[in-house]
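Novice: My questions all concern the structure below.
Number of protein chains: 2
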Amino acid sequence: MRCEIVAIGTELLLGQIVDTNSSWMGERLALAGIDSHFQVKVGDNQARIVDTIRHALSRSDAVILCGGLGPTQDDITREAIAEVMDTELVRDHAMGDRIRRGFEARGRRFTENNLRQADCPVGASFIPQMPGTAPGLVCPVGERVIYAVPGVPFEMREMMEGTILPDLQRRAGVTAVIKSRVLKSWGESESRLAELLEERIAALDRTGNPTIAFQASGIEGLKIRVTAKAADAAAADALIAEEEANVRAIVGDAIFATDEQTMESVVLDLLRERGHSLAVAESVTGGLVGARLTAVPGASDVFRGAVVSYASEVKFDVLGVPEGPVVSTDAAKAMALGVRERLGADVGIATTGVAGPAKQEGHPPGTVFLGLAYRDYTEALRVRLPGDRRRVREYAVISVLNLLRLRISNSSRSPELR
Amino acid sequence: MRCEIVAIGTELLLGQIVDTNSSWMGERLALAGIDSHFQVKVGDNQARIVDTIRHALSRSDAVILCGGLGPTQDDITREAIAEVMDTELVRDHAMGDRIRRGFEARGRRFTENNLRQADCPVGASFIPQMPGTAPGLVCPVGERVIYAVPGVPFEMREMMEGTILPDLQRRAGVTAVIKSRVLKSWGESESRLAELLEERIAALDRTGNPTIAFQASGIEGLKIRVTAKAADAAAADALIAEEEANVRAIVGDAIFATDEQTMESVVLDLLRERGHSLAVAESVTGGLVGARLTAVPGASDVFRGAVVSYASEVKFDVLGVPEGPVVSTDAAKAMALGVRERLGADVGIATTGVAGPAKQEGHPPGTVFLGLAYRDYTEALRVRLPGDRRRVREYAVISVLNLLRLRISNSSRSPELR
């Protein structure tokens, strides 16, 4: 079963919008066991859209068109499909009423041109999911099929999950359910993870189900994806849970989160469970730790605040760091302790270091000290982080949050934090 | 002159990497006056790469291949080009030596497989720019041409600017130089800008040179791109400068930056010129203002630090905000004044508000108060920001920096800040 993706819109060709939809769809197709060998971007030109669809159908079983389903004169995906199907567009009045009611429900002004979205090629049908005001289409072409979805990401995703992926699997004769879980890791290199999991992967290769795959995700660490195929969702979940336990037993606490969890959401949850509040002292990260923590709704239960002590005098005056070198173990400890006391929190963490481009206090860019304080217990860790200014800062954020995670969840190193 | 872009790599189809290279290339082609009607992604499969190149050459004058030029067995772009050209690959020993020396100069271990990168199809030539270790190729196919560049963005960009764009323009018979400048604006809607500039755009439409185009860039505001064509770069620059002055006279101080400048770099430069230091008090933005300012190298000249007063008690205890409502004009002023005094800075700015999803102190999400303090002068501004939690926070950051920019650069409102 082969399925191509065609993203439609002149703004994509001009680089005004980056086509992230196709990437997301490509990933979902692969996880559903559907091959996707080509992805094409084409502008708002009917002849070229028609040529692209015909070429795709000549070598694939299905094609997903994304974009060009709106109400304006530029939106010509429906017309292009009708031309490929050699048929007419017919306005569906029930859909027209639904679109009109959708506008009213959102308090948006309805204009007649929106009824163009109710046009449907003869022989095609609307996709049941319709989270926005533009319906998607399923359009059979002999044994093959064209799907059309809007370019608005959440609308596209709901239609993919609800209709297109199940329909493609049905057409491919896939009766099994394929599910996957992402285990997110921090602190081990890809080659080290591959080495640790070598035997496990070899064992899985013999059965072919479940499978394990690695995926680098830059500043967010390395992902380990466990994918399982089974007769139903419960059986697939059970296979995944068993394999997740195997992987965790081997890789240990380098795994910090699963699926939609992030390092910051995990740290906040751990602190919340223990009833601990958090304060942050930031130098090299300049506010990024606070920014990431407060991106999580409900962070205010746990996070009291931060002091961004960029100038040395702010470290001395506000945080009570003793005068002396500020890129050091002692400064990191004093910052963590100072912010914990100053902001009245149970736990303090701190970052100080050199993001670059210039050296500081004799340290090269990438040298970062992470501090942690809980009551009178303090510790600091020196790390060497790779990359340019931006990457050093981002790595420092996830590193200090990871240090805190390990100390809260792991009893062996800092029992005071339990 | 038509040029297609083909991005090569299975990881692109699987959604493991988002193809931002094609977007950048599409933008540069449009600016150079070259049409690009199709952009394709294809995996590391020689037959499919060959088919894609042939199809592209059947309808376009040129094709740029991006990716698959590395040293591994997956990197088969060279082989695919040779097949399309119906010729052989020949190893270029001078290039081999250059690649070897490149590894030595970077202190990286050289392995023999890297010499594959010195293979060149008969009749093709290497692109002179070579900032990495993989050379690019120019491959004539009759009157048409294939270019190949590595997928590493900075390598690709240098080859595009240095060889491919000038070569395409020469082939298209474009003798003129096309240059452009981006004017970044904040605070006016696209329809308002279009209304303000309507007469100017109509006047330019009559001559066709220079041109003005709008481009929405989300949380960074609206861009106005001025593009001019002239016999040489100096003449194009003069046309742009004249039109920039016209646009600035109409739009006024909604324009905050040009080209590579950002809101934060402009604010830091303005403060540096005046010898003013800055401190920030953040509640709703949680550290994002500090994070953006410190992303700019050299921020430490100006930026002393920030207090992220997320909990109300931190506002009261650390910043000296009087107890009472914390999402208010008074709180925003007191936060700005408090952080200015506490961190010993000339200027203080502050954000407090509701990012959502829940209401706070009776205010709906999107309600944000911006504070500013200089010596004893304080002011606060209430704004209503659209979007979800993430967008409200990002808009709040740029809004408070923009308030500071206007007050520093504009004498009419706050003369104390000059």
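As you go down the protein sequences, you meet chains A and B in turn.
Using the working numbering, read the first sequence as starting at 1 and increasing by one per residue.
Using the working numbering, read the second sequence as starting at 419 and increasing by one per residue.
All C-beta atoms in this analysis are idealised placements derived from N, C-alpha and C, irrespective of residue type, glycine included.
Could you please give the first and the last residue of the uninterrupted beta strand (DSSP E) stretch that includes PRO539 (chain B)?
Specialist: 537-539
Novice: Assign LEU12 (chain A) to one of two classes, buried (16 or more other C-beta atoms within 10 Å of its C-beta) or exposed (fewer than that).
Specialist: buried
Novice: Report the CB separation of GLY420 (chain A) from GLU445 (chain B) in whole angstroms; it is logged as a contact under 8 Å.
Specialist: Any answer about residue 420 (chain A) is impossible in this case: the structure gives chain A only from 1 up to 418.
Novice: Compile a chain-ordered list of the residues in the stretch 21-32 of chain A whose CB is closer than 7 Å to at least one CB of chain B.
Specialist: SER23, TRP24, GLY26, GLU27, ALA30
Novice: Taking LYS223 (chain A) as part of the beta strand (DSSP E), name the residues at either end of that continuous run.
Specialist: 222-230
Novice: Would GLY805 (chain B) count as contacting chain A if we go by Cβ distances under 8 Å?
Specialist: Output row for GLY805 (chain B): interface = no.
Novice: Find the residues of chain A that neighbour TYR728 (chain B), judging by a C-beta separation of less than 7 Å, and give them in chain order.
Specialist: THR294, SER300, PHE303, ARG304, GLY305
Novice: Where does PHE521 (chain B) fall in DSSP's three states?
Specialist: When secondary structure is reduced to three states using DSSP, PHE521 (chain B) falls in the helix class.
Novice: Ordered along the chain, which non-local residues of its own chain (more than five positions away) have a Cβ less than 7 Å from that of THR629 (chain B)?
Specialist: Short of 7 Å from the beta carbon of THR629 (chain B), and not among the five residues preceding or following it, lie these beta carbons of its own chain, in chain order: LEU622, THR645.
Novice: If you measure from the beta carbon of GLY705 (chain B) to each beta carbon in chain A, is any gap under 8 Å?
Specialist: It does: the Cβ of GLY705 (chain B) has a partner Cβ on chain A nearer than 8 Å.
Novice: Which residue wins for smallest C-alpha separation from LEU601 (chain B), given the options B:ARG624, B:ALA631, B:VAL563?
Specialist: Minimum Cα-Cα distance from LEU601 (chain B) among the listed residues B:ARG624, B:ALA631, B:VAL563 corresponds to B:ALA631.
Novice: For GLU576 (chain B), which residues from the same chain have a beta carbon less than 8 Å from its beta carbon, with the 5 sequence-adjacent residues on both sides left out?
Specialist: GLN547, PRO549
Novice: Does any C-beta atom of chain B lie closer than 8 Å to the C-beta of ARG418 (chain A)?
Specialist: Any reading at ARG418 (chain A) needs caution, since the residue's pLDDT is 45, under 50, leaving its predicted position unreliable; the model's value is listed next. Judged by the 8 Å Cβ criterion, ARG418 (chain A) is not in contact with chain B.
Novice: Return the residues of the stretch 336-354 of chain A that lie within a Cβ-Cβ distance of less than 8 Å from chain B, sorted by chain order.
Specialist: Residues are counted here when their Cβ sits less than 8 Å from a Cβ of chain B; for the stretch 336-354 of chain A these are ARG342, LEU343, GLY344, given in chain order.
Novice: Against chain B, does VAL50 (chain A) count as a neighbour if the rule is that its beta carbon must be under 8 Å from one of theirs?
Specialist: With 8 Å as the cut-off, VAL50 (chain A) does not count as an interface residue toward chain B.
Novice: Among residues of its own chain, excluding the 5 on either side of THR77 (chain A), which ones have a beta-carbon nearer than 8 Å to its beta-carbon?
Specialist: ILE8, ILE49, LEU65, GLY67, GLY68, LEU69, ALA148
Novice: Could you give the first and the last residue of the continuous beta strand (DSSP E) run that contains GLY26 (chain A)?
Specialist: Per DSSP, GLY26 (chain A) is not a residue of any beta strand (DSSP E); the alpha helix (DSSP H) it occupies stretches across 20-31.
Novice: Output the distance between the C-alpha atoms of ALA465 (chain B) and ASP119 (chain A), rounded to the nearest integer angstrom.
Specialist: 39 Å
Novice: With GLU161 (chain A) as the anchor, note down where its beta strand (DSSP E) starts and where it stops.
Specialist: Where GLU161 (chain A) is concerned, there is no enclosing beta strand (DSSP E), given that its DSSP letter is neither H nor E.
Novice: Where VAL739 (chain B) and VAL745 (chain B) are concerned, what is the direct C-alpha to C-alpha distance, given to the nearest angstrom?
Specialist: If I take the Cα positions, the gap works out to 12 Å.
Novice: If you measure beta-carbon to beta-carbon, which residues of the stretch 728-747 of chain B are closer than 8 Å to chain A?
Specialist: Taking 8 Å as the Cβ-Cβ cut-off, the stretch 728-747 of chain B approaches chain A at TYR728, ALA729, GLU731, VAL732, ASP735, VAL736, given in chain order.
Novice: Are the beta-carbon atoms of LYS179 (chain A) and ILE255 (chain A) separated by less than 8 Å?
Specialist: no
Novice: Measuring alpha carbon to alpha carbon, tell me which of B:SER476, B:GLU660, B:LEU822, B:ALA542 ends up nearest HIS694 (chain B).
Specialist: Considering only B:SER476, B:GLU660, B:LEU822, B:ALA542, the residue with the shortest C-alpha distance to HIS694 (chain B) is B:LEU822.
Novice: Looking at the secondary structure, which residues open and close the alpha helix (DSSP H) in which ILE81 (chain A) lies?
Specialist: Going by DSSP, ILE81 (chain A) is part of the alpha helix (DSSP H) stretching over 77-85.
Novice: What does the alpha-carbon distance come out to for the pair LEU264 (chain A) and VAL296 (chain A)?
Specialist: A small fix is needed here, since residue 264 (chain A) is Glu in this sequence, not Leu. VAL296 (chain A) has its alpha-carbon roughly 8 Å from the corresponding atom of GLU264 (chain A).
Novice: Hey, does PRO297 (chain A) have any beta-carbon neighbour from chain B nearer than 8 Å?
Specialist: yes
Novice: Which residue from B:ASP794, B:ALA754, B:VAL720, B:PHE456 puts its Cα closest to that of ARG420 (chain B)?
Specialist: B:PHE456
Novice: Excluding five sequence neighbours on each side, which residues of the same chain lie with their C-beta closer than 7 Å to the C-beta of VAL122 (chain A)?
Specialist: THR87, GLU88, VAL90
Novice: Of all the options A:SER36, A:ASP61, A:GLN73, A:GLY290, which has the alpha carbon lying nearest to the alpha carbon of ASP462 (chain B)?
Specialist: A:SER36
Novice: Name the two residues that bound the continuous beta strand (DSSP E) containing ARG91 (chain A).
Specialist: 89-91
Novice: What is the residue span of the beta strand (DSSP E) that LEU601 (chain B) lies within?
Specialist: Counting along the chain, LEU601 (chain B) sits inside the beta strand (DSSP E) bounded by residues 595-603.
Novice: Measuring only between beta-carbons, confirm whether PHE256 (chain A) sits less than 8 Å from chain B.
Specialist: no
Novice: Checking contacts by CB at 8 Å: is LYS597 (chain B) closer than that to chain A?
Specialist: no
Novice: For LEU57 (chain A), report the span of its alpha helix (DSSP H) as first-last.
Specialist: That run of the alpha helix (DSSP H) goes 46-59.
Novice: In three-state terms, what does DSSP make of SER829 (chain B)?
Specialist: For SER829 (chain B), the predicted structure reports a pLDDT of 45, less than 50, and the residue's modelled location is therefore unreliable. A value from the coordinates is still provided. Here SER829 (chain B) sits in coil by DSSP.
Novice: Could you tell me which residues DSSP pairs with THR367 (chain A) in its beta bridges?
Specialist: A:ARG384
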